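Structure record follows, encoded as structure tokens.
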Amino acid sequence: MMGKSHLIISTGITLSAMSLLGYDITIPAVAVAGLSALLPDIDEPNSLLVRKAVPEFLLRILQMGLIGTAIYLYFAGVASPPWNIALALLVGSVSFLPGRRLRHLVMLLLALALFAFADAYDPWNYIAACVLVVSSIVPHRGLTHTLYGVAGWSVLLYFASLGMDDGGSLWIAGGMSYALHLLADALTQRGITPLPPLPFKLRLKLMSTGTKKGSAVEKVCIVLTLALALYVFVLTA
Ligand SMILES: [Zn+2]
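So this is what it looks like as structure tokens:
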């Protein structure tokens, strides 16, 4: 399923359900619900979230920087030959890593910077850093589409928002939105494996990606979500 569909369906249903249950819909809750709708796909190379977090131009800048550093190391006399060549080759070769690897490197560096320099945004810097670290080390479509992923994300949000004034509902917004993403994926041909290493697979095959029926089901889900949100936030408000 596409990132945008996840964003609409997970966020829309989560906020509607929370409102029906009597929770205040705060701006942080909306932000966390939206982020959590996209989070499970962060280990996909073309994930909407990854593309937004590490845009192409940032990768290009890093590549240029590495090549520049390599040239500098070669000429600056930091090490004597042949070590200056070895050093330059080592640094320069990083810039030729495949896009996905380079992206992960950038994500790790960003996480490091968030840990070190973004104390003012506590706890959001720690949450973002954790997400970046985890998503750059989990295998492709590994742990994110499991119940462990839901649990881990909910627990992280719970503890991160303990000290916040209106943070009480954040873990509910995040956990629910994340779980709805997995539920939506369970409708697709690809399905999910919620509890590895148990081989049990959740796959309802209602939506085979790329087919007419598949995109029709996806559209129906979006329309139903919008209808629910309309009912909750406009008609009964
Ligand atoms: Zn997914």
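In our numbering, the protein residues as written are 466 to 702. Quick reminder that beta carbons are idealized off the backbone N, C-alpha and C, glycines included. Computed from a predicted model, the values in this text were never measured in an experiment.
Contacting residues, own chain, Cβ-Cβ under 8 Å from residue i (five flanking each side not counted)
i           : result
residue 668 : 651, 653, 654, 655, 656, 657
residue 514 : 468, 500, 503, 504, 506, 507
residue 615 : 640, 643, 644, 647
residue 574 : none
residue 511 : none
Proximal residues to residue i (C-beta, below 7 Å), its chain only, five neighbours per side dropped
i           : result
residue 476 : 498, 499, 502, 642
residue 557 : 531, 532, 535
residue 569 : 601
residue 474 : 645, 649, 686, 687, 690
residue 539 : 549, 550, 553
Contacts around residue i, its chain only, beta-carbon distance under 6 Å, and the 5 residues preceding and following it disregarded
i           : result
residue 670 : 654
residue 528 : 560
residue 579 : 590, 593, 594
residue 625 : 588, 592
Assigned exposure category for residue i - 16 Cβ within 10 Å defines buried
i           : result
residue 602 : exposed
residue 613 : exposed
residue 701 : exposed
residue 681 : exposed
residue 581 : exposed
residue 545 : exposed
Cα-Cα separation, residue i to residue j
i           : j           : result
residue 571 : residue 524 : 8 Å
residue 547 : residue 567 : 27 Å
residue 677 : residue 685 : 12 Å
residue 589 : residue 487 : 25 Å
residue 478 : residue 665 : 26 Å
residue 595 : residue 618 : 10 Å
residue 541 : residue 555 : 16 Å
residue 564 : residue 521 : 9 Å
residue 526 : residue 695 : 44 Å
residue 584 : residue 549 : 37 Å
residue 466 : residue 495 : 21 Å
residue 638 : residue 562 : 37 Å
residue 483 : residue 519 : 31 Å
residue 472 : residue 699 : 20 Å
Short CB-CB distance (under 8 Å) between residue i and chain B
i           : result
residue 570 : The chain labelled as chain B is not found in the depicted structure, where only one protein chain is given.
Worksheet item: Taking any heavy atom of ligand 1 as the mark, which residues have a C-beta closer than 5 Å to it, listed down the chain?
Response: 505, 506, 650
Worksheet entry | Ordered list of alpha helix (DSSP H) runs contained in the stretch 556 to 586, each at least 4 residues | 564 to 582
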